[in-house]
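With the numbering used here applied, the sequence shown covers 8 to 569.
All residues carry an ideal CB built from backbone N, CA and C; glycine is no exception.
Please read all numbers here as calculations on a predicted model, not as lab measurements.
Have a look at the structure below before the remarks.
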Amino acid sequence: MATFLHRLGAVAYRRPWAFVLAWFVVLASIIGLAATSGGHISTSMTIEGTSSQRVLDQLRKELPVASGGQGTLVFTVPEGERLDSAARASSIAEAATEIAALPVVVDRSSFAAGAAQAADPSSPPRDESGGTPESPPATRPLIANGSPVPGVLISPDGTVAMLQMQFTTQVDALPSGTTDDVVQIAETAVADTGVTVLPSNSLESMHPPIGGHEAIGLVIALLVLLITLGSLWAAGLPILTALIGVAIGVGGAFALSSTITLTTATPALALMVGLAVGIDYALFIVHRQRRLVLTEGLSTADATARAVATAGSAVVFAGSTVVIALVGMTVIGIGFLTTMALVAATTVTLAVLIALTLLPALLGIVGERIWSSKARARGTRPGGKRLTNRWVELLVRRPWVAVAGVIVILGLAAIPASDLDLGMSSGGSDARGSTSRQSYDAIAGGFGEGFNAPLLVVANADGGATLNQADLGAITAGLNGLDNVATASLMGANPDQTLAMFTVIPARGPHDESTAQLVETLRDPANPLTTQTQATFGVTGLTAVNIDITDRLAAAVPEYLT
């Protein structure tokens, strides 16, 4: 391999523009394809075969209008003010009416018509504060012009309201710009009333995860390399080649986003890994080439060829191990995880190829400018051993001390893993100050944590029977009587009344263990509710989907590591 790489490096150095042109064509083609494809990013992560996915599939078949995604708009006012004044309530009602008229928003009465609204008066829904029938409820509909506003709830203190909507399809499958239009309608309706509109994270537009943080990191990396290498050319080439590799890898993923499910985590992982290995691999070769020129007096052409042969071999080995580790994630059998792994592995492969071909070509263009006169003087100046050399010699003389020290340090660093909780992100884990985080916090403060973790519970009548009004009332009362339930209500049923849907609000948030226990209880065929009502229950919704994904990933990690 070293011989082949030596020849490759020599050819790239002698004919640099051919290699540069080839990579430019690849880059331009990928950018063009990505621009024309639209770069669609999905907000959902699903795993086939999970309980929540089976319930969604059942709803698509038996009650399609109820199988779409959901979104929430939160309305808030400055501290000390209320939302239920006549002007503000009317503006929110106007927003709700306009949004309900959109063709992508489902009229909830279309699936509520299959069942009469029923409740057992002996067991009223509970509120989160443990209220009784005589005490004020935890939530109430917003009243505008003397009538309740459909789909809008207001908090007991009147400071927070939320509009919940059901879409005809999953949010990520809506026409481009739909969620922005929903938010714009609400903001226009409440303009000049002092009301702030906060969309939930499911309604936020997804954008490529490339922003200020990455730019800051690149600037810091450039400064470190510049200080270390003493040459702008030597410091800039690894950054440049890493950016080209990431642009092709991530751009290629966006170009294929119409045929593959591209979640927000996919380009983020490829970007993170691609920049890291791209800079690292290029730096291997640049540093080796400079040392050969400065310490052995080789010409830049010979030094480049030898650097590609020696350091390039290390690059191939290092890149291969990373690619193998990433591709190994496909054995887990989770679709979106497989896509993440393959996109990241492709980006690493590109980093290796660019380091072996484009980088020596750029070194050929730069020529003698790869090192400054000061750097050359330092490299040829006689002197004692460098600190790094003395450090390596010390480690070689005391290898077991070094090994033991590393093990101790790694062990200490791993201690926090004993309390590690796995889970999918939600609005509560978004950055403070972000719109989705403000929306999450407003709901938690106004209604309770559980309203950020609604569950869609589907009841199926046993043996082809139907669910009559008494059955629905018994199920509603039974759901409200379960531990860890704040409130539960009937949403509707299919036309033949063999299936009914209920909204269950847990007592705690989406990441609380009690919420996961509630989902497990509802799915248990032996739970008391099943015995009492002769119905079987399934649970879905974003919270249940995320719980299932977390459980599947937790079970798959040991398989991947072995």
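_Length of the line joining the Cα atoms of THR510 and ALA96_ = 25 Å
*Length of the line joining the Cα atoms of ALA411 and ARG313*: 36 Å
_Going by DSSP in three states, GLN77 sits in which element: helix, strand or coil?_
strand
*Using the DSSP secondary-structure output, state which residues sit across from ALA507 in a beta bridge.*
ALA466, ALA500
_Beta bridge counterpart(s) of SER154 as assigned by DSSP_ = ALA151
_Just to check my reading of the structure: GLU194 and VAL204 have Cβ atoms closer than 8 Å, yes? What is that Cβ distance to the nearest angstrom?_
5 Å
*Assuming LEU170 and THR83 make a contact with CB atoms under 8 Å, what is their CB distance in whole Å?*
That pair is no contact at about 12 Å.
_Would VAL338 and THR356 be called neighbours here (beta carbons separated by less than 8 Å)?_
no
*Helix, strand or coil at PRO144 [DSSP, three-state]*: Low confidence applies here, because PRO144 scores a pLDDT of 46, under 50, leaving its location unreliable and the question unanswered by this model.
*Smallest Cα separation from LEU290: which of GLU303, ALA421, ALA321, ASP309?*
ALA321
*Between ASP531 and the ligand COA, is the CB less than 7 Å from at least one heavy atom?*
Because no ligand of any kind appears in the structure shown, any question about the ligand COA cannot be addressed here.
*Mind checking ARG397: buried by the 16 CB within 10 Å criterion, or exposed?*
exposed
*Under 8 Å, do ALA41 and PHE261 count as touching if we go by C-beta distance?*
yes
*Would you report the Cα separation of GLN504 and GLU527, rounded to the nearest angstrom?*
25 Å
*asked:* Assess contact between the segment 270 to 278 and the segment 231 to 244, defined as three or more Cβ pairs (one per stretch) separated by less than 8 Å. Is contact present?
replied: no
_Residues of its chain near LEU474, where Cβ-Cβ distance is below 6 Å and the 5 sequence neighbours each way are ignored_ = ALA468, GLN504, ALA507
*Unbroken beta strand (DSSP E) run spanning GLY205, endpoints*: Gly is not the amino acid found at residue 205; the sequence shown has Leu there. Note, LEU205: beta strand (DSSP E), 203 to 206.
*Of the choices ALA460, VAL231, ILE292, ALA180, whose alpha-carbon is the least far from that of LEU579?*
The question about residue 579 has no answer, for the chain in this structure spans 8 to 569.
*In three-state DSSP terms, what is LEU489?*
coil
*By how many angstroms is the C-alpha of SER265 removed from the C-alpha of VAL373?*
40 Å
_Quick test of the definition: if touching needs 3 or more C-beta pairs under 8 Å, does the segment 532 to 551 touch the segment 411 to 423?_
no
_Which residues DSSP lists as bridging GLY545, in chain order_ = VAL465
*asked:* Short of 7 Å in beta carbon distance, which residues of its chain neighbour ARG297, apart from the five on each side in sequence? Order them along the chain.
replied: ALA241, ILE377, TRP378
*Counting along the chain, where does the alpha helix (DSSP H) carrying LEU15 start and finish?*
9 to 21
_Contact set for LEU549: own chain, Cβ-Cβ below 6 Å, skip 5 residues either direction_ = none
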